[in-house]
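With the numbering used here applied, the sequence shown closes on residue 928, and no number is skipped along the way. Where is the CB? At the ideal position from N, CA and C, for every residue including glycine. Fair warning: this is a prediction, and the values are worked out from it, not measured in the lab.
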Amino acid sequence: MVRSLLVIPLLAAALGGLWLARGAHQRWRDLRAAESYELAGDRWPMLLRAAGAMVCGVCVTALTLLTAVGAFGGLSRTDQEPAEKAEPAVDAAAGAGTRQPAAPPADEAARPVAPAVASRFDSVGHPGGGELLQSAVLGPDGRPRNVRVWLPPQYATEPNVRFPVVVMQAATPSRTADAEVPNVFEGIGWALQTGKARPFILVAPEAPNGTAHPCDLVAAAPQAVADDASLRTTVAASFRALPPGPASWGALGVEGGAPCAAAAGLARPDLYGAAAAVSGRYDAAAITQAGSEAPAGTEAKLLLAAAKADTAGLDSARKLQAALHGGGGPAAKAEVRISDNVQDYSTDRDRLRLVRQAAQYLSDALAKAS
């Protein structure tokens with residue numbers, strides 16, 4: 559958009575410069591002709607036209623350079639704070655684990671690590687007392703996908719602090735999770751303001767569009783999590799985030815995105831220190847199978863939350879819990895908690911309180927901002 563706006567003054571300056579240069583040249587020829595007949599001529603019109611042509615030339619040069627590099631970065635908010643290599647410190651009092659991340663699966667280990675490049679994120683609102691930003695980040699296939707990042711209020715007031723990250727999983731192809739869940743930022747913001755949860759950065763990447771059911775894809779192929787290596791390095795380079803890893807990164811899914819969060823947390827405990835799934839319906843067999851194939855030596859932490867009136871959701875959560883404990887591999891050792899104590903006067907109020915509960919669980923399980 560900025561480049562297209564620059565083209566108009568560029569063309570105007572070029573045409574004006576040509577017209578003035580042509581006029582100056584014509585006046586110069588008239589003066590030469592007058593001198594041949596020993597007549598006096600006024601040089602000021604020629605000099606003014608020549609000066610105007612030079613000014614237009616300078617403008618054309620400047621506008622050409624600005625158009626080429628896509629300048630005017632001040633037109634949109636850019637958060638390009640360089641990421642420092644911080645030690646993944648873990649606060650024991652915050653309930654964060656001290657285990658070291660296990661080696662990633664062979665297919666991911668063989669994949670080249672994406673360079674940490676800061677990206678341009680534009681501010682699109684201030685829900686929940688924080689700031690919501692948006693950008694297009696290249697995916698593994700080289701195509702840009704929409705990514706939204708919510709910064710807690712403390713991000714602006716504590717400029718020297720780095721924050722843990724929670725990735726919110728989406729269930730609809732080509733959409734971000736915040737578009738599916740009303741008032742999610744208000745729920746998290748309330749939990750922070752009342753001291754129920756510690757501050758964290760919320761990242762909502764667009765779900766892949768290669769399948770109609772992204773959560774089924776995560777359960778079948780855990781390496782297909784929405785926050786791939788490219789996105790994680792971009793977030794770490796663009797914001798004051800704690801380093802990616804189970805000590806400081808978690809997963810969240812609400813309603814349709816709950817199975818995504820459960821599958822991601824159980825199958826990739828080497829990436830997520832904890833996961834919270836809210837009001838979901840789960841394919842217990844598929845998710846248990848994904849959890850049983852998690853990297854050896856890891857132990858997942860999972861919260862399955864549903865309102866007291868959501869009997870179908872609670873039944874699905876209990877079946878998943880039983881399947882995990884009766885399964886094999888790392889899934890059998892997963893720490894799975896069920897929350898069934900939320901009860902309010904409407905479904906929207908239930909959702910809001912469940913999101914607050916999930917925010918508290920995740921902030922307790924991850925490292926504190928430092």
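Residues bridged to residue i [DSSP beta-bridge criterion]
i, result
"P763", "V705"
"D680", "Q692"
"M726", "L810"
"K877", "Answer is none; K877 lacks a bridge partner."
"V900", "A865"
"E893", "K859"
"P499", "Coverage of the chain is limited to positions 559 through 928, which leaves residue 499 absent and any answer about it impossible."
"A835", "G811 and L862"
"A799", "F721"
Cβ pair residue i, residue j closer than 8 Å
i, j, result
"A765", "S732", "yes"
"A820", "A805", "no"
"T875", "I896", "The sequence shown places Ala at residue 875, not Thr. Yes, the Cβ-Cβ distance between A875 and I896 is below 8 Å."
"V812", "L860", "no"
"A809", "P772", "no"
"V613", "L920", "no"
"G575", "A611", "yes"
"V707", "V616", "no"
"D774", "G697", "no"
"P685", "F743", "yes"
"G745", "V913", "yes"
"L789", "W807", "no"
Residue i versus residue j: straight-line alpha-carbon distance, rounded
i, j, result
"T791", "R798", "12 Å"
"R909", "S837", "8 Å"
"T752", "A832", "22 Å"
"A890", "E851", "11 Å"
"P853", "V776", "15 Å"
"T619", "V739", "49 Å"
"A843", "K926", "34 Å"
"A579", "R607", "7 Å"
"P567", "V682", "28 Å"
"H883", "D898", "19 Å"
"E716", "R756", "13 Å"
"L800", "R907", "32 Å"
"R585", "P702", "55 Å"
"S928", "N767", "36 Å"
"R839", "D873", "9 Å"
"T869", "D699", "40 Å"
"R911", "D922", "17 Å"
"K877", "D680", "42 Å"
"L924", "N704", "26 Å"
"L569", "S677", "31 Å"
Local Cβ density within 10 Å of residue i, reported as buried at 16 or more and exposed below that
i, result
"A770", "exposed"
"T856", "buried"
"K866", "exposed"
"T734", "buried"
"G871", "buried"
"L605", "exposed"
"W602", "exposed"
"Q901", "exposed"
"A858", "buried"
"P817", "buried"
"A664", "Only weak support exists for where A664 lies, its pLDDT of 42 falling under 50; the value from the coordinates is given anyway. When all chains shown are included, A664 counts as exposed."
"A714", "exposed"
"Y903", "exposed"
"L573", "exposed"
"D841", "buried"
"G814", "buried"
"L623", "exposed"
"A880", "exposed"
"G747", "buried"
"N718", "exposed"
Expected contact under 8 Å - CB spacing of residue i and residue j to nearest Å
i, j, result
"A863", "Q918", "Not confirmed; about 11 Å, so no contact."
"D736", "A694", "In fact, because the Cβ distance is near 16 Å, the residues do not count as touching under 8 Å."
"P711", "L750", "7 Å"
"A822", "G849", "About 10 Å; that fails the 8 Å criterion."
Any C-beta of chain C under 8 Å from that of residue i
i, result
"G811", "The question asks about chain C, but that chain is absent: this structure has only one protein chain."
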